[in-house]
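Notes for the one structure printed next.
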Amino acid sequence: MNHITKRRKKMKTKNNQSEVAGSHYEKLNVEPVILFREFDLNWFQGEIIKYVSRFKNKNGLQDLNKASHIAQMAIDLGIKGIPYSYDLTEDGKALIGEYTSQFANLFSLTKDDELNKRYYIKFVDIIYFTIRGEWETVWSDLEDLKYYFYGEEEV
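Residue numbering for the sequence shown follows the working numbering, starting at 11 and increasing by one per position.
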């Protein structure tokens, strides 16, 4: 068993014993803050992951639009993520897999299982490429996710 599966996936601090203004993270076994800490993410990465993780339980399309806006800001400002020369560890890849699997049940909007799977993979890619700082891919996948869930694309 690796160090990631040994430790608790919920942050237990005095600050987060109760969530302020909602319960959108309570249902998660692995909270976004675990990714922030584990991968030493910057503000842009953290905000995108936060909005993408909560959109179905909080502000819907508005959260996805915010995530797209932040990805576009990162593009415009030339913000970097984890360089490709840095190979994610097996533990890191496992954490991303464990984190994203919590959201698989959201991807059943159509009777076409292949289509649902394709959009779930886009969601996984958003998390992965956000960590990597591949903002154009993140932005494009967010546009696709908006279309899947809300039938519209914001450009």
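We put the CB at the ideal spot given by N, CA and C, even for glycine.
Sequence-distant residues of its chain with Cβ nearer than 6 Å to residue i (five each side left out)
i: residue 148; result: 81, 136, 139, 140
i: residue 4; result: The question about residue 4 has no answer here: the residues shown for the chain are numbered 11 through 165.
i: residue 55; result: 140
i: residue 166; result: Because the chain in this structure spans residues 11 to 165, residue 166 falls outside the shown range and cannot be described.
i: residue 145; result: 81, 84, 85
i: residue 161; result: none
Option in the options with minimal Cα separation from residue i
i: residue 48; options: 133, 99, 152; result: 99
i: residue 150; options: 97, 74, 121; result: 74
i: residue 126; options: 142, 157, 97; result: 157
i: residue 105; options: 42, 36, 37; result: 42
i: residue 143; options: 91, 38, 39; result: 91
i: residue 39; options: 107, 76, 70; result: 107
i: residue 37; options: 129, 63, 97; result: 63
i: residue 118; options: 155, 46, 71; result: 155
i: residue 132; options: 45, 114, 120, 76; result: 114
i: residue 152; options: 121, 103, 77, 50; result: 77
i: residue 112; options: 130, 87, 123; result: 130
Cβ shell of residue i (< 7 Å), same chain only, five flanking positions each side left out
i: residue 134; result: 110
i: residue 60; result: 42
4 or more residues per run - each alpha helix (DSSP H) lying fully within the region 34 to 90: 42 to 49, 53 to 64, 71 to 87
Entirely enclosed alpha helix (DSSP H) segments - the region 111 to 143, minimum 4 residues: 123 to 142
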